Structure formats: C-alpha cells, structure tokens
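Worksheet: one structure, shown below.
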Ligand SMILES: NC(=O)c1ccc[n+]([C@@H]2O[C@H](COP(=O)([O-])OP(=O)(O)OC[C@H]3O[C@@H](n4cnc5c(N)ncnc54)[C@H](O)[C@@H]3O)[C@@H](O)[C@H]2O)c1
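Take a look at the structure:
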C-alpha cells in the first residue's frame, strides 16, 4: 500500500525554491501543494510551471492543508516566518541561515519546542558523500588529534548578483561572504572538527558596493584545542573551489567543495566509488544540484512522520550562525570573542 504523501507549501519562489521543488518532486511520499510569494507575478509563474496552487497571502498558506512549510525567502524573514508557521502548527524547513541574530535563533528554538513540530534548516553539504566520508575518517581516529583545521572559501560573485537585491543588505542578508556563502563551509568545518571556542576576526567590504562584508578572515580555536583559520570572500576572480584542510598529528585530509581530494596517511585507501553530483557554486550560485536538498528532505520527511531523528537540527544550525556572529563582533570590537 502506498504511503500518504506529506503536503508541502513553499513560501518565496525565487532561485532556491526551484531546488526544493525539484528535490521534492523526486520523492514519492511528498507533494508540493502550493506557493505564496509577495510577488504575485512570480508566484503565478512558479505555480503554473509546477502545477500547484497560488496562495494570495501567508495566512492562506498557513490555513491550507500543508503539513510542512518550506521557507525560501530572503534570510532576514526566516525567523518571523518560521515562528509564525510553527505557531500555526506546521512543520518547517527553513533555508540557511536559520536566522540572522542569536536572539532570533533562540526564538525559533523556543517556538519549535512549544509547538512540538519539526523545524529543519537546510545545510545540504552535510549530506554529501564526501563530507560524510570525511566525518567517518576523522571519527575513526585514523588521523589522530586535529591540530590545524582551516576553511578557505575564495569565491566570486558578479556585481549583478547584488544589484537591486536583498543580497548584501544588513537587514535581509545579515552579513555577506560569511553569513550568506561561507556559512556552508563553516557548518561543515564545525561538523567535522567540532564546536568553536574562541574567534578573532576581521571583516571588510573591499570590492562590492554592498552594506555587508565581501571579505573576511578569522583565527579560530576549537573546543577540542585545535587551531585554524577561516577565510571567506566573494570578491576574487575567477573564484576557486572551497577548500577545507584538516591537519592532524598522524595525517591530513584535504577537501575541495564536497570531495576528499587527498588523505595523506600511509596506506590509506578512501575506497570511493562514485563522485557526488555537483554541490559546488563557487562561481555561479545556481550551479548546484538539487541532490543535497533531496537527501536532506528524505531525513526531514522521515522525522515529520516520527520515523527518524532529525539529522541536522535548528539548534546545530544556530551554533553555526553564532560562530559567524562572533567573528563579526570580534571585527567590530577588535578583540577575541569566546563562545559559550
Ligand atoms: N542552500 C543553498 O545552497 C542556498 C542557495 C541559495 C540561496 N539560499 C537561501 O535561500 C533563501 C532565498 O534565496 P534566493 O536566492 O532564492 O532568493 P530570491 O531573491 O531568488 O528569492 C526570494 C523570493 O522570496 C520572495 N519574498 C520576499 N519577501 C517575501 C515574503 N515576505 N513572503 C513571501 N515571499 C517573499 C521574493 O519575491 C522572491 O521571489 C536565502 O535565505 C538564501 O540564503 C540557500
């Protein structure tokens, strides 16, 4: 007997919403039923393209039969929309970053707790085979104690990416090279190495005509004692694949985007048969595949059905936002910031 499909409503139907609907349409236990976007023109076109309903207002979407609401709006709206949806009794999938301030992260966690619903946050790189394998290698202890663990994200975004957009604004993006693009790598670095204890950062706007940083560096100390650096920019041509370097006492591992490119350990065979589909967007933000969203949705829908634990939680997503905000605070105050 086929299972009842989980009904999903989408809020905001710009670039990333296409990846959500593409991922969900590949799942036979999910059905996107409708969309709400403040641009009536965009929601009509999106609804027509995908054969779904248009909701004229957010309230209409919240009153619909949707059991899950996927929030794909500019980042500055994530907290208020997620909280409204949770209070309306909906499960929520919110795009990264979960929220733009620590206070809003806390408000979301509180709303999740009181509603008893699932609040999931997109972080599709955690579902990439290469990242999972890197985590297994580190957890196996084969590399030994982590010593220097770094993220280098040297991306390029065209000027038109920011022009006339919410992107690059304090209110809607909350930050730039780190809060928008770097968040993926910082989240993976935290996943692989663990929580960050102390940061000291500098953020600058060097190239783009935007309110937030287009370039950032930080030194970090992890809770486990390892040191490292985070570099992030959207200002260097031509744009390079993101690199994560994990150097440990017995060996080192280098990751480009989501692929392990080397494990320097005597006799180590990563035994990797297939490459991940393209998760990378180092030159073009739309040059990613929906595969990561699809893998994450499989877990989210299982959690909504009560059949699995949510693998990536809003609490975990909040910790990544907290790390980024600490780098901003350090740059502003010119001092070390200790995370709780
Ligand atoms: N996971 C990823 O790899 C990834 C990639 C790109 C973007 N994102 C995230 O997705 C979110 C959206 O980014 P995008 O590139 O799709 O932006 P976009 O500008 O292409 O689309 C945003 C849409 O939201 C609509 N909107 C604005 N205010 C609204 C409101 N109050 N209610 C309903 N709709 C509203 C806009 O009209 C627009 O159609 C951002 O938070 C971004 O960080 C994630």
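Residue numbers (our numbering): 501 to 840.
C-beta atoms are modelled at their ideal positions from N, C-alpha and C, and glycine is treated no differently.
Here the structure is a predicted model, which means the values were calculated and not measured.
Counting only runs that start and end within the region 533–610, where is the beta strand (DSSP E) found for 3 or more residues in a row? 568–571, 591–594
Notebook entry, point to check: Out of 688, 681, 787, which has the shortest C-alpha to C-alpha gap to residue 841?
Noted result: Past the boundaries of the shown model lies residue 841; the chain is included only from 501 to 840, so the question cannot be answered.
Item to complete: Have a look at the DSSP bridge pairing and note the partners of residue 763.
Response: The count along the chain shown starts at 1 and reaches residue 763 at position 263. DSSP output for residue 763 lists 753 as bridge partner(s).
With a 10 Å radius around its C-beta and 16 neighbouring C-beta atoms as the bar for buried, classify residue 548 as buried or exposed. Indexing the chain shown from 1 puts residue 548 at position 48. Answer is exposed; the Cβ neighbour count stays below 16.
Taking the alpha-carbon of residue 686 as reference, which of 713, 674, 744 has the nearest alpha-carbon? Within the chain shown, the letter at position 186 stands for residue 686. Nearest option by C-alpha distance: 744.
Which word fits residue 616, buried or exposed, when buried means at least 16 other C-beta atoms lie within 10 angstroms of its C-beta?
-> In the chain shown, residue 616 corresponds to position 116, counting from 1. It counts as exposed.
task = Check whether the Cβ atoms of residue 571 and residue 552 lie closer than 8 Å to each other.
result = Here the question's residue 571 lines up with position 71 in the chain shown. Here the question's residue 552 lines up with position 52 in the chain shown. No, Cβ-Cβ distance for residue 571 and residue 552 is not below 8 Å.
Worksheet item: Beta carbon of residue 576, beta carbon of residue 672: below 8 Å?
Response: Stepping through the chain shown from its first residue, residue 576 is reached at position 76. Stepping through the chain shown from its first residue, residue 672 is reached at position 172. Yes; because the gap between Cβ atoms is below 8 Å, this pair is in contact.
Return the chain-ordered ranges of every beta strand (DSSP E) run that is complete within the region 633–665 and spans a minimum of 3 residues. 646–654
**Message:** If you reduce the DSSP assignment to three classes, tell me which class residue 616 lands in.
**Reply:** Position 116 of the chain shown, counting from 1, holds the residue named residue 616. Coil, per DSSP.
Report task. Figure out for me which residue from 807, 650, 795 has the closest Cα to the Cα of residue 624. Result -> By 1-based counting over the chain shown, the position of residue 624 is 124. Here the closest residue by C-alpha is 795.
Problem - Distance cut-off 7 Å: residue 787 Cβ against heavy atoms of ligand 1 - result: What you label residue 787 is simply residue 287 of the chain shown in a count that begins at 1. Not so, every heavy atom of ligand 1 lies at least 7 Å from the Cβ.
Legend entry - Buried/exposed call for residue 539, threshold 16 Cβ in 10 Å: Taking the chain shown and counting its residues from 1, the one referred to as residue 539 is at position 39. It counts as exposed.
Just verifying my parser: in three-state terms, what is the DSSP assignment at residue 839?
On the chain shown, position 339 is the one that residue 839 refers to. DSSP places residue 839 in coil when its eight states are reduced to three.
- [ ] Could you say which of 746, 742, 650, 559 lies nearest to residue 699 if we only look at CA atoms?
- [x] Here residue 699 corresponds to residue number 199 of the chain shown, with the count starting at 1. Residue 650 is the option with its Cα nearest to residue 699.
Is residue 578 near ligand 1 - that is, is its Cβ less than 7 Å away from at least one heavy atom of it? Here the question's residue 578 lines up with position 78 in the chain shown. At least one heavy atom of ligand 1 is nearer than 7 Å to the Cβ of residue 578, so yes.
Please determine whether the Cβ atom of residue 725 lies at a distance below 7 Å from any heavy atom of ligand 1. Numbered from its first residue, the chain shown carries residue 725 at position 225. Residue 725 Cβ: outside cutoff for every heavy atom of ligand 1.
Is residue 602 closer than 8 Å to residue 754 when the C-beta atoms are compared? As a position in the chain shown, residue 754 is number 254, starting the count at 1. As a position in the chain shown, residue 602 is number 102, starting the count at 1. It is not a contact, given that the beta carbons lie outside the stated cut-off.
Have a look at residue 740 and residue 508 and give me their C-alpha separation to the nearest angstrom. Within the chain shown, residue 740 is the residue found at index 240, counting from 1. Within the chain shown, residue 508 is the residue found at index 8, counting from 1. When rounded, the distance between both Cα atoms is 36 Å.
Problem set entry | Exposed unless 16 or more other CB atoms sit within 10 angstroms - verdict on residue 559 | On the chain shown, residue 559 is found 59 positions in, with the first residue counted as 1. Flag for residue 559 reads exposed.
message: Short of 7 Å in beta carbon distance, which residues of its chain neighbour residue 614, apart from the five on each side in sequence? Order them along the chain.
response: Here residue 614 corresponds to residue number 114 of the chain shown, with the count starting at 1. Answer for residue 614: no residue qualifies.
Through-space distance from residue 836 to residue 557, alpha-carbon basis
In the chain shown, the residue the question calls residue 557 occupies position 57. In the chain shown, the residue the question calls residue 836 occupies position 336. Roughly 45 Å separates the two Cα atoms.
For the beta strand (DSSP E) that contains residue 731, what are its first and last residues? In the chain shown, the residue the question calls residue 731 occupies position 231. Here the beta strand (DSSP E) through residue 731 covers 727–733.
Quick check on DSSP: helix, strand or coil for residue 526? Stepping through the chain shown from its first residue, residue 526 is reached at position 26. The answer is coil: DSSP assigns residue 526 none of H, G, I, E or B.
### Message
For residue 605, tell me which candidate among 587, 590, 580, 544 has the shortest Cα-Cα distance.
### Response
Residue numbering aside, residue 605 sits at position 105 when the chain shown is read from its first letter. Ranking the options by Cα distance to residue 605, first place goes to 580.
Discussion item. I want to check one thing, is the minimum distance from the CB of residue 593 to the heavy atoms of ligand 1 below 7 Å?
Written reply: Numbered from its first residue, the chain shown carries residue 593 at position 93. No - ligand 1 has no heavy atom lying nearer than 7 Å to the Cβ of residue 593.
For this session: Give the range of the beta strand (DSSP E) segment to which residue 745 is assigned.
Result: The residue you call residue 745 lines up with position 245 of the chain shown. Element bounds for residue 745: 743–748.
What does a CB cutoff of less than 7 Å around residue 831 pick up in its chain, not counting 5 residues either side in sequence? For this step, residue 831 is matched to residue 331 along the chain shown. Correct list, in chain order: 701, 702, 703.
Exercise. Can you name the start and end residues of the beta strand (DSSP E) that residue 700 belongs to?
Worked result: By one-based count along the chain shown, residue 700 stands at place 200. Residues 696–704.
Quiz item: What residues match up with residue 721 in a beta bridge as DSSP calls it?
Solution: Walking along the chain shown from the start, residue 721 turns up at place 221. Answer by DSSP bridge pairing, in chain order: 698, 727.
To the nearest angstrom, how far is the alpha carbon of residue 729 from that of residue 677? Along the chain shown, read from residue 1 onward, the residue named residue 729 stands at position 229. Along the chain shown, read from residue 1 onward, the residue named residue 677 stands at position 177. For residue 729 and residue 677, the distance between alpha carbons rounds to 15 Å.
- prompt: Any idea what DSSP makes of residue 505, helix, strand or coil?
  reply: By one-based count along the chain shown, residue 505 stands at place 5. Residue 505 falls in the coil class under three-state DSSP.
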